[in-house]
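Novice: For any residue, its number in this note's numbering is found by taking its place in the sequence shown, counting from 1, and adding 30. Heads up, the beta-carbon is just placed ideally off N, CA and C, and yes, glycines get one too. After the structure tokens below, expect a handful of questions from me.
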Amino acid sequence: MFNFTPTTVKLTNVPVETIRSDIKDFLIRKNIQFDAIIMVTDKANREDFKGTIYIELPTESIAEKCVTVFDGLKMGVQIISATTVEGRQKL
């Protein structure tokens, strides 16, 4: 089971055709170190990506950089929303 921490970033509204290597390559190009990429899939059919990704990062400062890079980013016709899980819990 994945444990959410203050260094976990949640991406929503990600195009469903996105694959893990797309996100991994983007993070590498932006020089953002990461520990894990979790792509949320349909419970019944584990292959159907639901458009939500959790990225675990090594530090809070890197998590904030990740939010800054992804929040408002346009992928295809969709605009990505990014927030730290800790920040989301404070809402």
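Could you please give the first and the last residue of the uninterrupted beta strand (DSSP E) stretch that includes A112?
Specialist: Segment S111 to T114, the beta strand (DSSP E) holding A112.
Novice: Going by CA-CA distance only, name the one from V46, I58 and D65 that's closest to V99.
Specialist: Nearest C-alpha to V99: I58.
Novice: Which same chain residues end up closer than 7 Å to T89 when comparing Cβ atoms and leaving out the 5 residues on each side of it in sequence?
Specialist: So the list reads T37, once near-sequence residues are dropped.
Novice: I'd like the ranges of any alpha helix (DSSP H) spanning at least 4 consecutive residues and lying wholly in the region 44-88.
Specialist: Correct list: 50-59.
Novice: Just the Cα atoms here: how many angstroms apart are D101 and K73?
Specialist: Each residue's alpha carbon lies about 26 Å from the other.
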